[in-house]
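Participant: Take a look at this one; I'll ask things after.
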Amino acid sequence: MFSRFGYLRFNMEAPECPVCIQPMTVPIFQCQSGHSLCNSCTVKLSPPICPICRQTMTQMRNWQLEDLVGKAIVACPNKNKGCVYKYVSIEMEDHIKECIFREMDCPMGKVFGTCSWSGKLKEMLNHFKDRHPGYCANITSDITIDNVSVTNDCRHFYLLQFNKQIFFLSFKIDTVQKLGYWLVQYVGTKKAARQNVYEIQINSKRHQKRTVTYIDYCFSDSMEANEVFRQAQCAVMPLIMMDHFIDNSKITFRCLIKRAFEGKPAFKNNDQSKDTTTGQKKGPPPPNRHKSPGPHVTRAKGSGTNNTQKPGPFKKQQANFNKK
Numbered sequence: 001m002f003s004r005f006g007y008l009r010f011n012m013e014a015p016e017c018p019v020c021i022q023p024m025t026v027p028i029f030q031c032q033s034g035h036s037l038c039n040s041c042t043v044k045l046s047p048p049i050c051p052i053c054r055q056t057m058t059q060m061r062n063w064q065l066e067d068l069v070g071k072a073i074v075a076c077p078n079k080n081k082g083c084v085y086k087y088v089s090i091e092m093e094d095h096i097k098e099c100i101f102r103e104m105d106c107p108m109g110k111v112f113g114t115c116s117w118s119g120k121l122k123e124m125l126n127h128f129k130d131r132h133p134g135y136c137a138n139i140t141s142d143i144t145i146d147n148v149s150v151t152n153d154c155r156h157f158y159l160l161q162f163n164k165q166i167f168f169l170s171f172k173i174d175t176v177q178k179l180g181y182w183l184v185q186y187v188g189t190k191k192a193a194r195q196n197v198y199e200i201q202i203n204s205k206r207h208q209k210r211t212v213t214y215i216d217y218c219f220s221d222s223m224e225a226n227e228v229f230r231q232a233q234c235a236v237m238p239l240i241m242m243d244h245f246i247d248n249s250k251i252t253f254r255c256l257i258k259r260a261f262e263g264k265p266a267f268k269n270n271d272q273s274k275d276t277t278t279g280q281k282k283g284p285p286p287p288n289r290h291k292s293p294g295p296h297v298t299r300a301k302g303s304g305t306n307n308t309q310k311p312g313p314f315k316k317q318q319a320n321f322n323k324k
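Sequential numbering of the sequence shown, starting at 1, is according to the UniProt record's numbering.
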């Protein structure tokens, strides 16, 4: 249970910087008179003179104010663009990286350095259709990559759309690690990314029945693709195995995306050790079988069976004992 003062402190908004009138961000430095400025304003000061009292700014940090700012509730900087979320200040940096209302750079420029476009997420699909039409993939058809060799490094990137959401598909061959990678990233928050599952189906043109399928949850685009590759947390195939799926320097695969609904398993459970009879109707009980009584069972008269059986030796001894 929180105290009254602790509760108010946790739910208060972040104090504003006296210069830019924006919520304070850490680190917070003070001047010789004790005025505190946000980090953004302090960096811009040249010379480092306090704009309030004209005293010299110091490297002394206001730790109490930083602690207060770290626990205060702040609105997303993209509030004017449509974001309605509010977070604790220390969590805001992670949200900004995955906010769907942020200004986004073209991923082709980030990966290959071939495009300088930047804009909103809702504009990215049209940008790809206009400037990068060859990198718009369809989840209902195969994707074929040319000039593929297990002896040469390569990186390919595609934009996918499913259920009016944007996804990034990355394919990479790393000859140093001797591995090939497939990764699907959801453009949005980590929580929303876990609500989508991708399936990579790798097909061999030389052997039509040779197919490899990989299923996993999508990553958020806020996580660097190279970091996912480094940790091998996506679809991974050894190059010695991938060589069997390359035909005429081409590799063909298909990427499927589906929703992973809460409360329902995303994948079929193949665990045979669990009881699989739950929910099945039970059949009729087995018919009664006639069991012959043992030698020491006395039958009652009139039961319909032969009662002329002679008593065994144990019965004779017991009868003689009773006579005595």
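Even for Gly, the Cβ is constructed at its ideal location relative to N, Cα and C.
Would you decide whether E98 is buried or exposed? Buried here means 16 or more other CB atoms lie within 10 Å of its CB.
Facilitator: buried
Participant: In chain order, what are the residue ranges of uninterrupted beta strand (DSSP E) at least 3 long that sit wholly in the UniProt domain "SIAH-type" (71 to 133)?
Facilitator: 73 to 75, 86 to 88
Participant: For the pair the segment 202 to 210 and the segment 220 to 228, tell me if three or more CB-CB distances fall below 8 Å.
Facilitator: no
Participant: Report yes if the CB atom of V19 is closer than 8 Å to the CB atom of N39, and no otherwise.
Facilitator: no
Participant: Does DSSP put C41 in a helix, in a strand, or in coil?
Facilitator: helix
Participant: Leaving out five residues on either side along the sequence, give the residues of the same chain with a beta carbon under 7 Å from the beta carbon of C31.
Facilitator: C50, C53, Q55, T56, M57, T58
Participant: Which value, in whole angstroms, describes the spacing of the CA atoms of D130 and S33?
Facilitator: If you take the alpha carbons of D130 and S33, they lie about 56 Å apart.
Participant: For K81, I'd like the list of residues in its chain whose CB is within less than 6 Å of its CB, leaving aside the five on either flank, ordered along the chain.
Facilitator: F101
Participant: According to the neighbour-count rule (16 or more other Cβ atoms, all chains shown, within 10 Å of its Cβ), is A232 buried or exposed?
Facilitator: exposed
Participant: For K86 and Y214, what's the separation of their Cα atoms in angstroms?
Facilitator: 37 Å
Participant: Rounded to a whole number of angstroms, what is the C-alpha to C-alpha distance between C154 and V228?
Facilitator: Spanning the two alpha carbons is a distance of roughly 16 Å.
Participant: Return the residue from the list Q22, M242, I257 that minimises the CA-CA distance to K178.
Facilitator: By alpha-carbon distance to K178, the top candidate from Q22, M242, I257 is M242.
Participant: Which one of S149, A14, I143 has the shortest CA to CA distance from E91?
Facilitator: Of S149, A14, I143, the residue nearest in Cα terms is A14.
Participant: Is T254 helix, strand or coil when you go by DSSP?
Facilitator: Note that residue 254 is Arg in the sequence shown, not Thr. Three-state result, R254: strand.
Participant: Do you know offhand how far T211's Cα is from F171's?
Facilitator: 17 Å
Participant: Are the CB atoms of F162 and P107 nearer to each other than 8 Å?
Facilitator: no
Participant: Which partner residues of R210 appear in the DSSP bridge assignment?
Facilitator: DSSP links R210 through a beta bridge to no other residue.
Participant: Apart from the five residues on each side of it in sequence, which residues of its chain come closer than 8 Å, Cβ to Cβ, to K120?
Facilitator: So the qualifying residues of the chain are K81, F101, E103, M104.
Participant: Spatial neighbours of L159 within its chain, please: C-beta separation below 8 Å, excluding the five flanking residues on both sides.
Facilitator: P107, M124, L125, F128, H132, Y135, C136, A137, I166, F167, F168, L169
Participant: Is T144 buried or exposed, if buried means 16 or more other CB atoms sit within 10 Å of its CB?
Facilitator: exposed
Participant: Could you check the C-alpha separation between Q208 and V197 for me, to the nearest Å?
Facilitator: Those two C-alpha atoms are separated by around 25 Å.
Participant: For F253, count neighbouring C-beta atoms within 10 Å of its own C-beta (all shown protein chains included) and say buried if the count is 16 or more, exposed if not.
Facilitator: Taking all protein chains in view, the Cβ of F253 is crowded by 16 or more other Cβ atoms within 10 Å, so the residue is classified as buried.
Participant: Quick one, are the C-beta atoms of S89 and V74 less than 8 Å apart?
Facilitator: yes
Participant: For the beta strand (DSSP E) that contains V197, what are its first and last residues?
Facilitator: In the DSSP annotation of this structure, the continuous segment of the beta strand (DSSP E) that includes V197 starts and ends at 196 to 203.
Participant: By how many angstroms is the C-alpha of N78 removed from the C-alpha of D146?
Facilitator: Between D146 and N78, the C-alpha separation is close to 41 Å.
Participant: At which residues does the beta strand (DSSP E) containing I166 begin and terminate?
Facilitator: 165 to 174
Participant: Write down the C-beta distance between C255 and I139 rounded to the nearest angstrom, noting that I regard them as a contact closer than 8 Å.
Facilitator: 6 Å
Participant: Please state whether DSSP places D153 in a helix, a strand or coil.
Facilitator: coil
Participant: Does the Cβ of G113 have 16 or more other Cβ atoms within 10 Å, making it buried, or fewer, making it exposed?
Facilitator: G113 should be labelled exposed.
Participant: Can you check whether the C-beta of S149 is within less than 8 Å of a C-beta belonging to chain D?
Facilitator: Looking at the structure shown, chain D is missing, and only one protein chain is on hand.
Participant: Could you check if H244 is buried or exposed, using at least 16 other CB atoms within 10 Å of its CB as the buried criterion?
Facilitator: exposed
Participant: Using the beta-carbon count (16 or more within 10 Å), is S116 buried or exposed?
Facilitator: exposed
Participant: Kindly indicate which residue of C76, I21, C83, G109 has the alpha-carbon position closest to the one of E93.
Facilitator: C76
Participant: Apart from the five residues on each side of it in sequence, which residues of its chain come closer than 8 Å, Cβ to Cβ, to T151?
Facilitator: Contacts found: T175.
Participant: Can you name, in chain order, every residue of its own chain whose Cβ lies under 7 Å from the Cβ of D271, other than the five neighbours on each side?
Facilitator: For D271, the pLDDT reaches just 44, beneath the cut-off of 50, and the residue's location in the model is therefore unreliable, although a value from the coordinates is still provided. Contacts found: none.
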